[in-house]
Structures are given as C-alpha cells and as structure tokens.
Amino acid sequence: MKYLCCFLSFCVMRLSNGQSHFHIPKYNNGIIQATVDIIEKFYMDRTNTLNFFYASLKQNETSSINNIDIINEILYQTREKVVVQIENSWKLKNSEISNCKLVKRVNNIFFIDSYNSFENIFRFITPDKFDYQGFYLIVITNYADEQYQVAKKIFNYLWKEFITNVNVIWMPDESENEAIVFTYFPFSQFFCGKVHPMKLNHYRDGNWLQNYSDFFPKKLYNLHNCTLTVAVASSPPFMILKDDTDGKLSIDGIDAKLLKELSNQMNFNINIVQVDTQGGVFKNGTAYGAAKLIINNDVNLTIGYTTCTSSENKHMSSSHVYYTSKLIWIVPPGRLFQSFEKLIKPFQRSLWLCVMLVLLISFISIIVVKCYPKRVQDFVFGKGITSPSLNMITVFFGGPLYKLPKRNFARTLLGCFMVYCLIIKSTYTGALFKFIRSDARDKDVSGVKAMIKQNFSFYVVDSSHDLVHEIPKILNRSIFIPRTMLSEIHVHLLQPEFKGALLSSEEHLSYLNMKSFPEKYYHHSKQIFYVFNLCIYLHRQSCFTEEINQHLLKFASNGLIDVWASQFIDKKCLTEKVSTLPTQLTNEKLLATYEILFVGFLMSFIIFIAEMSISKISKRLQTKL
C-alpha cells in the first residue's frame, strides 16, 4: 500500500495518454517544495482528497514531461498522506456531468506551462463540475520572463468567472530553490472589482519569508466602501420603499435592516435598483423581474421577501435561509348577525336545547298533574294555585309571584325551579350584554374547502403562480394580479359580502393590521397554506455567497433578525383586538328588543280582536236560539 497513490496516478496517466511518463523522482526544487508545503499546511487540514489537473502545449513535448515530473515528485513526497485524483484537459472534457453533480471539485491544483495551456483546461471548468468557492492553486512550470503577465491574465480570466480563492505559484529564473506565490484582491481602498496581482509569499531555502499559514486569505470580508448593486421590489414589511425629500429612493423594513447591516459588516455601499417584482424563472429558462437582472449579472444580489425554491436554485446562487414565513389566506369578515340572531347567539345550540327540554318537561308535568284529583294538585302546586303554567313562565322570566304555595313540597319544587331560572337568567343576561356590545359577526371562513364550498375566488400575486399551479381546485378559481392591485383588493376584503380570498404572508397581514388599527381589521383563515424560506439570491457563480452566509448565520444566532422583525410586525395583530373601553349601547344594537315588543303588541291586538269577534258571534248565536 506504500505506493498506492503513485500507482493509481500511473494508471490514470496510462489510460489518458496511452503511455506512462512517471519515473523514480530524480530532482527537487523550490516550486515542488513550496507546493508540497501548501498541501501539508493548508489542503490536508481541510480534506484528504486533492484534484490534480495538468495541461501542456501539444507541440512542446518537453514541457509535458516537465509537468509530469513535477507531479510525480509531489506525489512521492505526499504519499500515504493524501489521496490524489489526476486529470488532464482531455479527461476533464469527457467526464460525465451526472457524476460531477454529486461531488463538485473543491480543492484543486493545476499544473500549466503557459497561458494557452491554462485556457486549454479552464474552458472545461463549469459550475456543474467545480465549486467556484473552492480553492485553486495554479503552478506555472515554465520558467519564462513573462510569468507575471501570465499570472495577471489568469487572474483576469478567473475574476470574470467570480473565482477569488486562487493563487499562482512559479519559480523565479535566478534560483531553483525559490518559489513566489501571487494572488489578487479584487477590492481595496484604491480600486473596486479590478485585478492587480500582488505577492502573497516567497519560499526560499525551505522556508517562507512571511511566517503565516493562511495561503488563501479572505478577500471579501472588507469591500473598502465599494458599491454593490441590489435589486429590490416593494414587499412590506420586508422591503418598504420610500421617496426622500431630495428625490432619492430609500428603503426600510426587515430585509432592509438586514441589508444595511450586511453593508456595515462587509463595508460596501448600496446602489438600489427598483423593480416591479422579485420575479422568477420559467420552465423554459427565461426569467423576469429581479431574477432576470441576477442571471444577466446586471446586479450583484436581490433581497426583499425573496423565497428560496429548487427551480430558481438551478439558475442562481442562494444564501442560507435566514427567515421562515407562513402563507395564509386573507378573507372577508363574517357577516353581521341579524337582530334576532344576537338574542340567540349567547347560548350554544346544545344549551338552548337543554333549556327548552326543561321547560317542555315542566309543561308536560303540569298537564299530567292536572289530570289527577284536586287534592293531588294542591299537594304539588299548592292550595289555591289555579294557573301553575303561568306561574312557571313568570318565574322563568324573573317575575314575582303574588301567591305562594303553603305546603313544603310545593315550596321545595318552586325553590329548585327558581334557583335554576336565576342561574340561567343571570348567565344569559351577562353573555348577552357582552355580545351586544361587541361587533357580533359570524365566524370567518375556516379553510380552503369552506371557501370552495362558498364559491370563493382566490387572488394570488402573479409572482406566486407556482404555488397554486399544482392544485387544480385552487388554480381553476385563481385570479392572478400584479402587486399594484393589492390596495384595491384590500378594500374589498373589508366587506362581508365579498366572495374572495387573498394569498399573503402572516407578516404582511400583521403589518397591515398594525397600520390600519383601530379603524380597520383584516381577517384570515386559520389554515396555513404554505411555508416560505427566505434567502438572498446572487449570480450563480457569485463570489459573495460564502461571505454573506457567514454573516447571516451570525445574525440569526444572535437573534438580530427577530429583533428587526419585531420593529415592523406584531403577531398579536393576527388576532382581532377587542376594545375594553366602555361604550354606550345604541338603538341599533337593541333593535331586537323593539322588534319583540312590536311582535308582542301585534299578537295581543290580534288576540283582542279575536276575542271580541268570538264574543259577538257567541251572543248572536244565543239570541237566535
């Protein structure tokens, strides 16, 4: 097993070139020692697997052998320490992408002898095969005077691909025992987004002149007040757009606070680009809104209730999820109860049935007792009580009795019934008073099934089309609207007769109720329709993703995002606030009592007319007889 790595490399080279160029190591120099030192001090702390790539000019066979000799020497010195996979441009070109999707190449070392050989291999490097946030060490094996210019061309090429964790190492002409490592910082206090190669370290006589092991320093933690362009769309309370007095666009909201803190932490300026919608990517690959600007690299990032989806992750780079939002349906309020309904609603149907059952049993008992002799009636009702049914109704409604029974049994029955009626009457009076004072309405629509049953239409913002696309029952009733129509739909949602529901987030509803209180309150279904994961979207190959992720994790763990959210939303606003201030009762709320009084007078008048008519008819019949 001692020479397993060398043997595997030998097999790969033989399969790719048809012959082996490896041999027993014969020499050692500064560039080999420096590369081995970087492998041992940096790469081996991160992984146990490395990827070696080499490319040479085909017309210069000497250069090809030189590259292979250097690889052979490095393999020999790192044997039994790390596993190495070796590929050339031909094998990289023909590698199966399906396999590469599973594991992208992260820790990579390239051996080239010219800029042409660099292009020959890097044209096959794609985001499907390589992690652009990985680490790239490029070893220039050809000792020529234009190595600095070659390094600059390499850095320019890689910066266009957003690859920043890259070092170029070569051996100076004057000494074979030395090696120079160059890198580039795209952002500094002197320039923004430009490439200026700078010397990172120098290897001489077995030691580094700069005594530190950070061979790939962080380059994006400080952007030195450079400007990043951010695409935003109005989406309160996450992104609130305002026009300042000087005509400039300013931002506020949960995501705006996050963006500003990112700006402070990474030290960059924000250039706002307003768009109508966050947009998305269609199945055919075409994009719209902020997503189109990201894919075309017209902006650096987009934020503002940006939802993380698998379809868009294929075309853009997403940050870590930093917030979870629940989608619900905003529904119209329940209908107002009619005047007679207000008298019935304080008790549930089951309680009314029990009350009616007690009265029914009481009436039946009175009727049954009246069938017995008078001494039994006197024992049960009391002596001299001629209208027990009327007395029972009087007691039930809290009226006084002017003649009470004298026997203990009758008094006990009356007392038990009076206690029962007192409890029922007091409970009903208190519940009725609270019910009349409140804005008595029917319950809100409970869920999607109830909405469909009541023939509701579903209003969905056009950017959320994919959420209902796979639900035919909702899709067939859906009306897709632009964000500019939301205010119009909000007005309709305050009307009980409106047959429609709006798909929105809990945060948006809470913010809406906070702004509208106490004049308005928007109701919602208790059923959660969907859960959104919010993230920041960047270009697919963006170099800022990893740095932003580190800050997002820090913000989330410190609770900063929840603090920012609490400044714009209050989850208590999802429940309607009932005013505890004393209010005067109005005729409108007591309309049912007037109606009962009117019905009672009308019935009395009808009965009076009926009695008078019957009395006259009876007298006429008696006169004729």
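Mapped onto mature numbering (1 follows the signal peptide of the UniProt record, and there is no 0), the consecutive letters of the sequence shown carry residue numbers -18 to -1, 1 to 607.
Even for Gly, the Cβ is constructed at its ideal location relative to N, Cα and C.
Bear in mind that the values here come from a model prediction, so they are computed numbers and not experimental data.
Exercise. Within 10 angstroms of its Cβ, does GLY267 collect 16 or more other Cβ (buried), or is it exposed?
Worked result: Answer is exposed; the Cβ neighbour count stays below 16.
Problem set entry | Coarse secondary structure for LYS224, derived from DSSP in three states | Residue state for LYS224 is assigned as strand, using DSSP reduced to three classes.
Problem set entry | Sufficient close CB pairs (3 or more, under 8 Å) joining the region 438 to 456 to the region 398 to 409 | In short, these stretches do not touch, since the Cβ pair count stays below three.
For this session: Report the residue from ALA272, GLN171, GLN477 and ASP234 whose alpha carbon sits nearest the alpha carbon of TYR249.
Result: Contrary to the premise, residue 249 reads as Asn rather than Tyr in this sequence. The shortest Cα separation from ASN249 among ALA272, GLN171, GLN477 and ASP234 belongs to GLN171.
Exercise. GLU160 lies in the beta strand (DSSP E); which residues open and close that run?
Worked result: Per DSSP, GLU160 belongs to the beta strand (DSSP E) from 160 to 166.
Exercise. Which whole-angstrom value is the C-beta distance of GLY188 and GLN15, which I expect to be below 8 Å?
Worked result: Rounded to the nearest angstrom, the Cβ distance from GLY188 to GLN15 is 7 Å, consistent with a contact under 8 Å.
Exercise. Is the region 415 to 429 close to the region 388 to 395, with three or more CB pairs under 8 Å?
Worked result: Flag = no, the region 415 to 429 and the region 388 to 395 do not touch.
Exercise. In chain order, what residues of the same chain have a beta carbon less than 8 Å from the beta carbon of LYS601, not counting five sequence neighbours either side?
Worked result: Cβ neighbours of LYS601 beyond the five flanking positions: none.
Exercise. How many angstroms separate the CA atom of TYR512 from the CA atom of VAL85?
Worked result: Roughly 31 Å between the two C-alpha positions.
For this session: Using beta-carbon positions only, say whether PHE322 and ALA574 come within less than 8 Å of one another.
Result: In contact: PHE322 and ALA574 (Cβ atoms closer than 8 Å).
For this session: Give every residue of the same chain whose Cβ lies closer than 7 Å to the Cβ of PHE550, excluding the five residues on either side of it in the sequence, and list them in chain order.
Result: Closer than 7 Å at Cβ, skipping near neighbours: PRO219, GLY235, ILE236 and TYR493.
Exercise. Roughly how many angstroms separate the alpha carbons of SER460 and LEU449, rounded to a whole number?
Worked result: Whole-angstrom Cα-Cα distance: 11 Å.
Exercise. How about VAL427 and VAL313: are their beta carbons less than 8 Å apart?
Worked result: Taking 8 Å as the Cβ cut-off, VAL427 and VAL313 qualify as a contacting pair.
Exercise. Bridge partners of ILE463, per DSSP?
Worked result: Looking at the DSSP assignment, ILE463 forms a beta bridge with VAL443.
Exercise. When you compare each of ILE222, GLN532, LEU341 and PHE329 to TYR287 by their alpha carbons, which one comes out closest?
Worked result: Ranking the options by Cα distance to TYR287, first place goes to ILE222.
For this session: Under the assumption that THR527 contacts LEU535 (Cβ atoms under 8 Å), give the Cβ distance between them as a whole number of angstroms.
Result: With a contact defined as Cβ atoms closer than 8 Å, THR527 and LEU535 miss out at about 13 Å.
For this session: Between the Cα of MET26 and those of VAL66, SER38, LEU205 and ASN54, spot the shortest distance and give me the residue it belongs to.
Result: Each of VAL66, SER38, LEU205 and ASN54 was checked against the Cα of MET26, and the nearest Cα belongs to VAL66.
Exercise. Do the CB positions of ASP137 and PRO179 come within less than 8 Å of each other?
Worked result: The sequence shown places Phe at residue 137, not Asp. Yes; because the gap between Cβ atoms is below 8 Å, this pair is in contact.
For this session: Decide if the region 477 to 491 is in contact with the region 105 to 122; the criterion is three or more beta carbon pairs, one per stretch, under 8 Å apart.
Result: Taking 8 Å as the limit for Cβ pairs, the verdict is that the region 105 to 122 does not touch the region 477 to 491.
Exercise. Exposed or buried, ALA592, counting other C-beta atoms within 10 Å across all chains shown (16 or more means buried)?
Worked result: Per the 10 Å Cβ criterion, exposed.
Exercise. What is the DSSP secondary structure of ASN278, reduced to helix, strand or coil?
Worked result: Coil, per DSSP.
Exercise. How is the beta strand (DSSP E) around THR291 delimited, first residue to last?
Worked result: For THR291, there is no enclosing beta strand (DSSP E), as DSSP marks it with neither H nor E.
For this session: Inspect the CB distances between the region 496 to 516 and the region 462 to 480 and report whether three or more fall short of 8 Å.
Result: Taking a cut-off of 8 Å for Cβ pairs, the region 496 to 516 and the region 462 to 480 touch, as three or more such pairs fall below it.
For this session: Look up VAL150 in the DSSP assignment and say whether it is helix, strand or coil.
Result: When secondary structure is reduced to three states using DSSP, VAL150 falls in the strand class.
Exercise. When the Cα of PHE480 is compared with those of LEU516, CYS525, PHE440 and HIS490, which residue comes out closest?
Worked result: Taking the Cα of PHE480 as reference, the smallest distance to any Cα among LEU516, CYS525, PHE440 and HIS490 is reached at PHE440.
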